[in-house]
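Undergrad: Quick note: the sequence shown, position 73, residue 72 per numbering that gives the first Met the number 0, numbers continuous.
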Amino acid sequence: MNKLIALCAFIFITISCKTGGKGDYILPTSTGNTNKILVVIKGNDWEGSVGDEIRSVFGEHQVGLPQPETLLSVSQIDPVGFKGFMRNSKAVLVVREGEKEQITVTKNKYARPQILVYATAKNKEGLINLIRNRGKEIIKLFKDEDITFIQNIFKKEKIDESQFETIKNLGITLTIPKRFNMVEDKEGFLWLRQHLKSGIARGDGTNNILVYSYPLEDENNIADNITAVRDTIGKKYIPGSKEGMYMITEQAYTPFVFDAEIDGKKAYETRGKWEVKNDFMAGPFVNYSIIDKENQRVIVFEGFTYAPSVNKRDFIFELEAIGKSLKVK
(Lines of atoms letter the chains of each structure in order from A; the text may use other names.)
(Lines give C-alpha, C1' and ligand atoms only; values in the text may rest on other atoms or scores of the structure.)
Protein backbone atom coordinates (compact mmCIF):
# COMPACT_ATOMS: atom_id res chain seq x y z
CA MET A 0 0.00 0.00 0.00
CA ASN A 1 2.79 2.41 0.94
CA LYS A 2 4.58 1.57 -2.31
CA LEU A 3 1.40 2.33 -4.27
CA ILE A 4 1.00 5.70 -2.53
CA ALA A 5 4.63 6.55 -3.21
CA LEU A 6 4.26 5.60 -6.89
CA CYS A 7 1.14 7.73 -7.24
CA ALA A 8 2.90 10.67 -5.57
CA PHE A 9 5.86 10.32 -7.95
CA ILE A 10 3.59 10.28 -11.00
CA PHE A 11 1.67 13.32 -9.70
CA ILE A 12 4.85 15.29 -9.09
CA THR A 13 6.25 14.36 -12.50
CA ILE A 14 3.06 15.39 -14.30
CA SER A 15 2.85 18.62 -12.26
CA CYS A 16 6.40 19.59 -13.20
CA LYS A 17 5.67 19.14 -16.90
CA THR A 18 2.05 20.20 -17.22
CA GLY A 19 1.19 22.00 -13.99
CA GLY A 20 -0.49 24.71 -16.03
CA LYS A 21 -0.48 26.24 -19.44
CA GLY A 22 3.07 27.19 -20.36
CA ASP A 23 4.56 25.41 -17.33
CA TYR A 24 6.27 22.70 -19.36
CA ILE A 25 10.01 23.10 -18.99
CA LEU A 26 11.36 23.61 -22.50
CA PRO A 27 14.95 22.88 -23.48
CA THR A 28 17.29 25.75 -24.25
CA SER A 29 17.27 26.62 -27.93
CA THR A 30 20.33 26.24 -30.13
CA GLY A 31 21.75 28.47 -32.83
CA ASN A 32 23.50 31.81 -33.16
CA THR A 33 22.06 35.23 -33.86
CA ASN A 34 21.50 36.23 -37.48
CA LYS A 35 21.11 32.58 -38.48
CA ILE A 36 17.91 30.78 -39.42
CA LEU A 37 16.93 27.21 -40.26
CA VAL A 38 14.59 26.89 -43.24
CA VAL A 39 12.25 23.89 -43.16
CA ILE A 40 11.36 23.15 -46.77
CA LYS A 41 11.23 20.14 -49.07
CA GLY A 42 14.55 19.40 -50.74
CA ASN A 43 13.28 19.71 -54.31
CA ASP A 44 11.65 23.08 -53.47
CA TRP A 45 14.91 24.27 -51.89
CA GLU A 46 16.84 23.31 -55.02
CA GLY A 47 14.21 24.89 -57.25
CA SER A 48 12.68 28.33 -57.80
CA VAL A 49 11.29 28.68 -54.26
CA GLY A 50 14.74 28.11 -52.78
CA ASP A 51 16.24 30.54 -55.29
CA GLU A 52 13.85 33.25 -54.09
CA ILE A 53 14.66 32.55 -50.44
CA ARG A 54 18.39 32.74 -51.12
CA SER A 55 17.93 35.95 -53.10
CA VAL A 56 15.88 37.74 -50.43
CA PHE A 57 17.70 36.49 -47.35
CA GLY A 58 21.07 36.66 -49.07
CA GLU A 59 20.88 40.44 -49.49
CA HIS A 60 24.04 42.09 -48.16
CA GLN A 61 24.02 44.11 -44.94
CA VAL A 62 24.86 47.70 -45.84
CA GLY A 63 27.74 49.52 -44.20
CA LEU A 64 30.15 46.58 -43.92
CA PRO A 65 33.60 46.50 -45.56
CA GLN A 66 33.18 42.93 -46.83
CA PRO A 67 29.99 41.41 -48.29
CA GLU A 68 27.97 39.74 -45.52
CA THR A 69 24.36 38.63 -45.77
CA LEU A 70 21.56 39.96 -43.58
CA LEU A 71 20.96 36.42 -42.34
CA SER A 72 22.85 33.16 -42.66
CA VAL A 73 20.52 30.41 -43.91
CA SER A 74 20.60 26.61 -43.70
CA GLN A 75 17.94 24.12 -44.87
CA ILE A 76 16.36 20.92 -43.63
CA ASP A 77 13.63 18.73 -45.12
CA PRO A 78 10.40 18.58 -43.07
CA VAL A 79 10.94 14.85 -42.41
CA GLY A 80 14.23 15.70 -40.70
CA PHE A 81 12.76 18.47 -38.56
CA LYS A 82 12.46 16.49 -35.36
CA GLY A 83 14.42 15.71 -32.21
CA PHE A 84 17.14 18.22 -31.40
CA MET A 85 16.69 19.93 -34.78
CA ARG A 86 13.40 21.35 -33.48
CA ASN A 87 15.33 23.20 -30.78
CA SER A 88 16.72 25.69 -33.29
CA LYS A 89 16.33 29.26 -32.08
CA ALA A 90 15.06 30.74 -35.37
CA VAL A 91 13.07 28.67 -37.85
CA LEU A 92 11.31 29.53 -41.10
CA VAL A 93 8.79 26.87 -42.17
CA VAL A 94 7.86 27.16 -45.86
CA ARG A 95 4.83 25.09 -46.84
CA GLU A 96 1.83 24.88 -49.12
CA GLY A 97 -1.63 25.36 -47.60
CA GLU A 98 -5.14 26.65 -48.19
CA LYS A 99 -4.44 30.25 -47.20
CA GLU A 100 -1.61 32.60 -48.09
CA GLN A 101 -0.28 33.98 -44.81
CA ILE A 102 2.61 34.49 -42.43
CA THR A 103 2.12 33.35 -38.86
CA VAL A 104 4.44 33.40 -35.87
CA THR A 105 4.78 30.98 -32.96
CA LYS A 106 7.21 31.44 -30.10
CA ASN A 107 8.79 28.92 -27.72
CA LYS A 108 7.02 25.88 -29.19
CA TYR A 109 9.85 23.37 -28.91
CA ALA A 110 12.55 25.32 -27.05
CA ARG A 111 13.16 28.66 -25.35
CA PRO A 112 13.83 31.26 -26.60
CA GLN A 113 12.54 30.35 -30.06
CA ILE A 114 10.67 31.93 -32.94
CA LEU A 115 9.02 29.93 -35.71
CA VAL A 116 7.76 31.84 -38.74
CA TYR A 117 5.37 29.92 -41.00
CA ALA A 118 5.17 31.10 -44.62
CA THR A 119 2.18 29.46 -46.30
CA ALA A 120 0.74 29.73 -49.82
CA LYS A 121 -1.44 27.63 -52.11
CA ASN A 122 1.31 26.63 -54.54
CA LYS A 123 4.96 27.19 -55.46
CA GLU A 124 4.19 30.37 -57.39
CA GLY A 125 2.36 31.72 -54.36
CA LEU A 126 5.31 30.88 -52.09
CA ILE A 127 7.70 32.71 -54.42
CA ASN A 128 5.49 35.81 -54.41
CA LEU A 129 5.05 35.64 -50.65
CA ILE A 130 8.81 35.50 -50.04
CA ARG A 131 9.46 38.22 -52.61
CA ASN A 132 6.79 40.62 -51.34
CA ARG A 133 7.03 40.01 -47.58
CA GLY A 134 10.62 38.85 -47.23
CA LYS A 135 11.74 42.04 -45.50
CA GLU A 136 8.90 41.64 -43.01
CA ILE A 137 10.07 38.09 -42.24
CA ILE A 138 13.68 39.24 -41.86
CA LYS A 139 12.55 41.95 -39.42
CA LEU A 140 10.72 39.35 -37.32
CA PHE A 141 13.92 37.35 -36.93
CA LYS A 142 16.12 40.42 -36.41
CA ASP A 143 13.85 41.91 -33.75
CA GLU A 144 13.81 38.60 -31.89
CA ASP A 145 17.61 38.46 -32.00
CA ILE A 146 17.84 42.03 -30.68
CA THR A 147 15.68 41.04 -27.69
CA PHE A 148 17.77 37.89 -27.21
CA ILE A 149 21.04 39.87 -27.11
CA GLN A 150 19.56 42.54 -24.83
CA ASN A 151 18.37 39.90 -22.37
CA ILE A 152 21.88 38.45 -22.21
CA PHE A 153 23.38 41.89 -21.64
CA LYS A 154 20.86 42.66 -18.87
CA LYS A 155 22.37 39.81 -16.85
CA GLU A 156 25.84 41.38 -17.06
CA LYS A 157 24.84 45.03 -17.20
CA ILE A 158 27.44 47.63 -16.32
CA ASP A 159 26.74 50.13 -13.54
CA GLU A 160 26.14 53.14 -15.74
CA SER A 161 25.81 55.57 -12.82
CA GLN A 162 29.61 55.77 -12.85
CA PHE A 163 29.56 57.65 -16.17
CA GLU A 164 28.94 61.38 -15.89
CA THR A 165 27.79 61.70 -19.52
CA ILE A 166 25.03 59.10 -19.17
CA LYS A 167 24.00 60.51 -15.80
CA ASN A 168 23.85 64.08 -17.07
CA LEU A 169 21.94 63.10 -20.20
CA GLY A 170 19.36 61.34 -18.05
CA ILE A 171 19.34 58.15 -20.11
CA THR A 172 19.76 54.43 -19.54
CA LEU A 173 21.58 51.91 -21.72
CA THR A 174 22.00 48.16 -21.40
CA ILE A 175 25.79 47.87 -21.75
CA PRO A 176 27.60 44.65 -20.77
CA LYS A 177 30.48 44.76 -18.29
CA ARG A 178 33.00 43.78 -20.95
CA PHE A 179 33.18 47.47 -21.98
CA ASN A 180 35.73 49.76 -20.31
CA MET A 181 35.87 53.54 -20.25
CA VAL A 182 38.24 55.35 -22.59
CA GLU A 183 36.94 58.87 -21.99
CA ASP A 184 34.09 60.55 -20.16
CA LYS A 185 34.25 64.34 -20.24
CA GLU A 186 32.54 67.40 -21.67
CA GLY A 187 29.35 65.44 -22.33
CA PHE A 188 31.16 62.81 -24.40
CA LEU A 189 31.48 59.14 -23.43
CA TRP A 190 33.71 56.58 -25.17
CA LEU A 191 33.64 52.93 -24.09
CA ARG A 192 35.72 50.11 -25.58
CA GLN A 193 35.57 46.32 -25.59
CA HIS A 194 38.61 44.31 -26.67
CA LEU A 195 37.51 41.45 -28.90
CA LYS A 196 38.64 37.95 -28.02
CA SER A 197 37.88 35.83 -31.07
CA GLY A 198 39.52 34.95 -34.37
CA ILE A 199 42.17 37.07 -36.01
CA ALA A 200 40.70 40.12 -34.23
CA ARG A 201 41.85 38.77 -30.86
CA GLY A 202 44.00 41.26 -29.01
CA ASP A 203 43.82 43.93 -31.70
CA GLY A 204 40.13 44.22 -32.52
CA THR A 205 37.70 46.40 -30.57
CA ASN A 206 34.02 47.25 -30.32
CA ASN A 207 33.43 50.88 -29.36
CA ILE A 208 30.51 52.92 -28.03
CA LEU A 209 30.13 56.70 -28.25
CA VAL A 210 27.41 58.67 -26.46
CA TYR A 211 26.85 62.44 -26.68
CA SER A 212 24.22 65.03 -27.56
CA TYR A 213 23.89 68.35 -29.33
CA PRO A 214 21.17 71.06 -29.41
CA LEU A 215 18.09 70.47 -31.55
CA GLU A 216 17.84 73.40 -33.96
CA ASP A 217 16.24 72.41 -37.27
CA GLU A 218 14.69 68.93 -37.19
CA ASN A 219 14.55 68.88 -41.00
CA ASN A 220 18.35 69.08 -41.30
CA ILE A 221 19.33 66.35 -38.83
CA ALA A 222 19.66 63.54 -41.39
CA ASP A 223 21.73 65.70 -43.74
CA ASN A 224 24.12 66.74 -40.94
CA ILE A 225 24.85 63.34 -39.38
CA THR A 226 28.15 62.90 -41.24
CA ALA A 227 29.31 66.44 -40.43
CA VAL A 228 28.46 66.02 -36.74
CA ARG A 229 30.28 62.69 -36.39
CA ASP A 230 33.33 64.07 -38.24
CA THR A 231 33.45 67.02 -35.82
CA ILE A 232 33.27 64.60 -32.87
CA GLY A 233 35.95 62.36 -34.40
CA LYS A 234 38.36 65.24 -34.90
CA LYS A 235 37.86 66.50 -31.35
CA TYR A 236 37.78 63.25 -29.36
CA ILE A 237 39.06 60.26 -31.37
CA PRO A 238 42.70 60.71 -32.35
CA GLY A 239 44.87 58.40 -34.41
CA SER A 240 48.37 57.22 -33.57
CA LYS A 241 50.05 60.42 -34.78
CA GLU A 242 49.34 64.12 -34.90
CA GLY A 243 46.91 65.02 -37.68
CA MET A 244 45.22 61.62 -37.53
CA TYR A 245 41.64 61.27 -36.31
CA MET A 246 38.46 59.35 -37.12
CA ILE A 247 36.28 60.54 -40.00
CA THR A 248 33.49 59.11 -42.12
CA GLU A 249 35.07 57.25 -45.03
CA GLN A 250 35.09 59.73 -47.87
CA ALA A 251 34.77 57.15 -50.67
CA TYR A 252 31.63 55.58 -49.21
CA THR A 253 28.31 57.37 -48.73
CA PRO A 254 26.56 56.19 -45.54
CA PHE A 255 23.03 54.78 -45.66
CA VAL A 256 20.43 56.64 -43.57
CA PHE A 257 17.13 55.05 -42.50
CA ASP A 258 14.16 56.21 -40.45
CA ALA A 259 14.13 54.57 -37.02
CA GLU A 260 12.48 54.76 -33.62
CA ILE A 261 14.24 54.55 -30.26
CA ASP A 262 12.30 54.67 -26.98
CA GLY A 263 9.22 55.84 -28.89
CA LYS A 264 11.11 58.80 -30.35
CA LYS A 265 11.84 59.58 -33.97
CA ALA A 266 15.42 58.74 -34.87
CA TYR A 267 17.76 58.14 -37.77
CA GLU A 268 19.83 55.01 -38.19
CA THR A 269 23.02 55.56 -40.17
CA ARG A 270 25.28 52.75 -41.36
CA GLY A 271 28.58 53.33 -43.04
CA LYS A 272 32.33 53.03 -42.77
CA TRP A 273 34.78 55.07 -40.73
CA GLU A 274 38.47 55.59 -41.36
CA VAL A 275 41.36 57.36 -39.69
CA LYS A 276 42.49 60.40 -41.63
CA ASN A 277 46.01 59.92 -43.02
CA ASP A 278 46.14 56.33 -41.74
CA PHE A 279 44.99 52.86 -42.84
CA MET A 280 42.63 52.01 -39.97
CA ALA A 281 38.96 51.60 -40.94
CA GLY A 282 35.79 49.69 -40.16
CA PRO A 283 31.97 49.84 -39.99
CA PHE A 284 29.74 51.94 -37.74
CA VAL A 285 26.08 52.20 -36.81
CA ASN A 286 24.79 55.55 -35.56
CA TYR A 287 21.46 56.42 -33.93
CA SER A 288 20.55 60.10 -33.82
CA ILE A 289 17.50 60.39 -31.57
CA ILE A 290 15.28 63.47 -31.58
CA ASP A 291 14.43 64.39 -27.99
CA LYS A 292 11.99 67.27 -28.55
CA GLU A 293 11.04 67.55 -24.91
CA ASN A 294 14.62 68.49 -24.01
CA GLN A 295 15.39 70.21 -27.32
CA ARG A 296 18.36 68.04 -28.15
CA VAL A 297 19.58 65.21 -30.35
CA ILE A 298 21.01 62.26 -28.43
CA VAL A 299 23.59 60.27 -30.36
CA PHE A 300 24.57 56.67 -29.80
CA GLU A 301 27.24 55.28 -32.07
CA GLY A 302 28.90 51.89 -32.20
CA PHE A 303 31.93 51.22 -34.34
CA THR A 304 34.12 48.18 -34.85
CA TYR A 305 37.78 47.66 -35.62
CA ALA A 306 38.36 44.00 -36.45
CA PRO A 307 40.81 43.54 -39.33
CA SER A 308 40.50 40.43 -41.50
CA VAL A 309 37.33 39.03 -39.89
CA ASN A 310 33.62 39.36 -40.59
CA LYS A 311 31.99 42.20 -38.67
CA ARG A 312 28.23 41.72 -39.05
CA ASP A 313 27.73 40.15 -35.65
CA PHE A 314 29.95 42.69 -33.87
CA ILE A 315 27.90 45.56 -35.32
CA PHE A 316 24.70 43.68 -34.47
CA GLU A 317 25.63 43.61 -30.78
CA LEU A 318 26.26 47.36 -30.89
CA GLU A 319 22.87 47.81 -32.59
CA ALA A 320 21.22 45.90 -29.73
CA ILE A 321 22.88 48.18 -27.17
CA GLY A 322 21.86 51.31 -29.08
CA LYS A 323 18.24 50.18 -29.31
CA SER A 324 18.15 49.70 -25.52
CA LEU A 325 18.52 53.46 -24.95
CA LYS A 326 15.77 55.08 -22.93
CA VAL A 327 15.30 58.64 -21.70
CA LYS A 328 14.33 58.78 -18.02
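Idealized CB from N, CA, C, for every residue including glycine.
Are Ile127 and Val228 touching if we call contact CB-CB under 7 Å?
TA: Counting from 1 along the sequence shown, the entry for residue 127 is found at position 128. Counting from 1 along the sequence shown, the entry for residue 228 is found at position 229. Against a cut-off of 7 Å, the Cβ pair of Val228 and Ile127 comes out as no contact.
Undergrad: Please state the DSSP three-state secondary structure of Tyr109.
TA: On the sequence shown, position 110 is the one that residue 109 refers to. Three-state result, Tyr109: coil.
Undergrad: Within this structure, are the beta carbons of Ile175 and Ile321 separated by less than 7 Å?
TA: Here residue 175 refers to the residue found at position 176 when the sequence shown is read from its first residue. Here residue 321 refers to the residue found at position 322 when the sequence shown is read from its first residue. Taking 7 Å as the Cβ cut-off, Ile175 and Ile321 qualify as a contacting pair.
Undergrad: Do you know offhand how far Ile171's Cα is from Gly125's?
TA: Position 172 of the sequence shown, counted from the first residue, corresponds to residue 171. Position 126 of the sequence shown, counted from the first residue, corresponds to residue 125. Using only the alpha carbons, I get a separation of about 46 Å.
Undergrad: Quick one, which of Glu293, Thr119, Leu195 and Val94 has its alpha-carbon nearest Glu216's?
TA: Residue numbering aside, residue 216 sits at position 217 when the sequence shown is read from its first letter. Out of Glu293, Thr119, Leu195 and Val94, Glu293 has the C-alpha closest to the C-alpha of Glu216.
Undergrad: Please name the residue or residues paired with Val56 in a DSSP beta bridge.
TA: Locating residue 56 in the sequence shown gives position 57, where the first residue counts as 1. DSSP lists no partner for Val56.
Undergrad: If you run the structure through DSSP and keep just helix, strand and coil, what is Ala281?
TA: As a first step, residue 281 is located in the sequence shown; it is residue number 282 there, counting from the start. Strand at Ala281.
Undergrad: Report the option in Lys99, Ser161, Glu100 and Val116 whose CA atom is closest to the CA atom of Asn107.
TA: By 1-based counting over the sequence shown, the position of residue 107 is 108. Cα-wise, what sits closest to Asn107 is Val116.
Undergrad: Ignoring anything shorter than 4 residues or poking outside the region 246-323, list the alpha helix (DSSP H) runs there in chain order.
TA: Complete alpha helix (DSSP H) runs here, min 4: 312-322.
Undergrad: Given a cut-off of 7 Å, decide if Glu242 and Glu274 are closer than it, judged by their beta-carbon atoms.
TA: Locating residue 274 in the sequence shown gives position 275, counting from the first residue. Locating residue 242 in the sequence shown gives position 243, counting from the first residue. Result no, Cβ atoms of Glu274 and Glu242 do not sit closer than 7 Å.
Undergrad: What do you get for Glu260, buried or exposed, if any count of 16 or more other CB atoms within 10 angstroms of its CB means buried?
TA: Within the sequence shown, numbered from 1, the residue matching residue 260 stands at position 261. Answer is exposed; the Cβ neighbour count stays below 16.
Undergrad: May I have the straight-line CA-CA distance separating Asp262 from Arg133, to the nearest angstrom?
TA: On the sequence shown, position 263 is the one that residue 262 refers to. On the sequence shown, position 134 is the one that residue 133 refers to. Their Cα atoms are separated by approximately 26 Å.
Undergrad: In angstroms, rounded to a whole number, what distance separates the CA positions of Asn122 and Gln150?
TA: Position 123 of the sequence shown, counted from the first residue, corresponds to residue 122. Position 151 of the sequence shown, counted from the first residue, corresponds to residue 150. Approximately 38 Å between the Cα atoms of the pair.
Undergrad: CB Asn277 to CB Met244, shorter than 7 Å?
TA: For this step, residue 277 is matched to residue 278 along the sequence shown. For this step, residue 244 is matched to residue 245 along the sequence shown. The answer is yes: Cβ separation under 7 Å.
Undergrad: Using a Cβ-Cβ cut-off of 8 Å (strictly less than) and excluding sequence neighbours within five positions of Thr30, which residues of its own chain qualify?
TA: The residue labelled residue 30 in the question sits at position 31 within the sequence shown. Contacts found: Phe84, Asn87, Ser88, Lys89 and Ala110.
Undergrad: Can you name, in chain order, every residue of its own chain whose Cβ lies under 6 Å from the Cβ of Lys328, other than the five neighbours on each side?
TA: Here residue 328 refers to the residue found at position 329 of the sequence shown. Cβ within range, chain order: Gly170.
Undergrad: Determine, using beta carbons only, whether Ser72 and Lys35 come nearer to each other than 7 Å.
TA: If you number the sequence shown from 1, residue 72 lands on position 73. If you number the sequence shown from 1, residue 35 lands on position 36. Result yes, Cβ atoms of Ser72 and Lys35 sit closer than 7 Å.
Undergrad: Any contact of the region 309-320 with the region 219-228, i.e. 3+ C-beta pairs under 8 Å?
TA: No: the two stretches stay apart, fewer than three of their Cβ pairs being nearer than 8 Å.
Undergrad: Within its chain, find whatever has a CB closer than 6 Å to the CB of Trp190; leave out the 5 residues flanking it on each side and keep chain order.
TA: On the sequence shown, position 191 is the one that residue 190 refers to. Closer than 6 Å at the Cβ level, and outside the excluded window around Trp190, lie Val182, Glu183 and Leu209.
Undergrad: List in chain order: all unbroken beta strand (DSSP E) runs of 3+ residues lying wholly within the region 27-82.
TA: Correct list: 35-39 and 72-76.
Undergrad: Within 10 angstroms of its Cβ, does Asp291 collect 16 or more other Cβ (buried), or is it exposed?
TA: Within the sequence shown, residue 291 is the residue found at index 292, counting from 1. Its Cβ being crowded by 16 or more others within 10 Å, Asp291 is buried.
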